[in-house]
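Please read the structure below before turning to the comments.
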Amino acid sequence: MAILEINNLSKRFGGLKALDNVGMSVEQGEIHALIGPNGAGKSTLINVVSGSFPATGGKVVFNSANITRRGAAARVKMGLARTFQSGVLLRERTVLDNIIMGFDLHLGESYLGSLLGTPTAHKVQTATRRKAMDLAGFMGLAGHENSIARELPHGLQRNLGVCIALATGPKLLMLDEPLSGMNATEIAAMMKLIRKVRDDGVTMILVEHNMKAVMGLSDRITVLSYGEKIAEGSPAEIQNDQRVIEAYLGSEV
Ligand code: ADP
Ligand code: MG
């Protein structure tokens, strides 16, 4: 069953067609990679599907609901989450505060509000903190719960970005270049975590330039070039697709 269906999706920025009638279907439980040269429209697709940018045309259906015109916060509540290419965090706050912010986005509650300190709010806060500790442990951040986000090593900051997105309780998580700027050890650790998240039942769209990781992690791959879908298939099919090799892989591998 498809968890996400994109039909004829278009996004224009002035005269530029960043997405041009793109169709894509993401199956429940899969890791679906989205690859293509810089400027192909990968981040734009994530932005339109998450509701950060309105679509110019076409349709986005998530869990059988047409969400094309819904706001970003409503989509998060429905179970659609994304990370940012730049890894947006509350840089001056602790790891735990960042994760709790993710829970707030899901529950539509305010952690800061709970700090006002009614007895009920205090209980909620304790339960939420415990959940945040669990999630930190799950994502390799045990022992770092009280560190300031910006003081974490780069790799762990990216883990935290995924953690915040997971705190929103997603059914579908969109990762925008989760491995960028990482060293080999950090890449191996993040790949392991991505598999763990999938085994936990979260479907993923993975935008990534590291082809070894893409080929190793993905069930299916969609290839964009200049806003158009030029291929879709299994890793083996994509690696042998002449058009993909010419447009992208020839320069990457
Ligand atoms: P990718 O993530 O595949 O590298 P993007 O989706 O970021 O590509 O960009 C696709 C095209 O849309 C590029 O030509 C880019 O310059 C343009 N673009 C992206 N975001 C904006 C924006 N907010 N305003 C204007 N143009 C944009
Ligand atoms: Mg991008």
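Numbering (the numbering used here), first residue to last: 6 to 258.
Virtual Cβ for every residue (Gly too), placed ideally from N, Cα, C.
Identify, in the order they occur along the chain, each residue of the same chain with its Cβ nearer than 6 Å to the Cβ of residue i, setting aside the five sequence neighbours on each side.
i, result
"K64", "N12 and T73"
"I51", "R87, M179 and D181"
"G107", "I169, A172 and T173"
"V228", "I40, G41, I235, A236 and V249"
With a threshold of 7 Å on Cβ separation, who are the neighbours of residue i within its own chain once the five nearest residues in sequence on each side are excluded?
i, result
"N103", "L94, L95, A154, L165 and I169"
"R248", "I235 and A236"
"T190", "none"
"G56", "R75, G76, A77 and R80"
Excluding the 5 residues preceding and the 5 following residue i in the sequence, name in chain order all residues of the same chain whose CB lies nearer than 8 Å to its CB.
i, result
"D5", "Outside the shown range of the chain, which is 6 to 258, sits residue 5, and nothing can be said about it."
Whose C-alpha, out of the options, is nearest the C-alpha of residue i?
i, options, result
"G19", "A60, S30, A7 and G56", "A60"
"A194", "V212, D224, A172 and Q162", "Q162"
"I210", "E242, A23, S48 and P42", "S48"
"F89", "G34, E213 and F67", "E213"
"N215", "L14, N43, D25 and N26", "N43"
"K176", "F67, G145 and L222", "F67"
"N26", "M144, I243, K16 and S69", "K16"
Just reading off the alpha helix (DSSP H) that residue i is part of, what are its end residues?
i, result
"L171", "H159 to A172"
"V53", "K47 to S55"
"E242", "P240 to Q244"
"M6", "From DSSP, M6 is part of no alpha helix (DSSP H); its letter is neither H nor E."
"K176", "Premise fails: K176 is in no alpha helix (DSSP H) and is neither H nor E."
"A147", "Taken as a continuous stretch (DSSP letters only), A147 belongs to no alpha helix (DSSP H), as it is neither H nor E."
Going by other Cβ atoms of all chains shown within 10 Å of its Cβ, with 16 needed for buried, is residue i buried or exposed?
i, result
"H159", "exposed"
"R135", "exposed"
"R225", "buried"
"M6", "exposed"
"D205", "exposed"
"L184", "buried"
"A241", "exposed"
May I ask which residues mark the beginning and end of the beta strand (DSSP E) holding residue i?
i, result
"A345", "The first residue shown for the chain is 6 and the last is 258, placing residue 345 beyond what the model contains."
### Query
Which whole runs of the beta strand (DSSP E) in the region 185-216 are 3 residues long or more, in chain order?
Segments of the beta strand (DSSP E) lying fully in the region 185-216: 208-212.
### Message
Ignoring anything shorter than 4 residues, give me the alpha helix (DSSP H) runs that lie fully in the region 71-97, in order along the chain.
### Response
With a minimum length of 4 residues, the continuous alpha helix (DSSP H) runs that stay inside the region 71-97 are 77-83.
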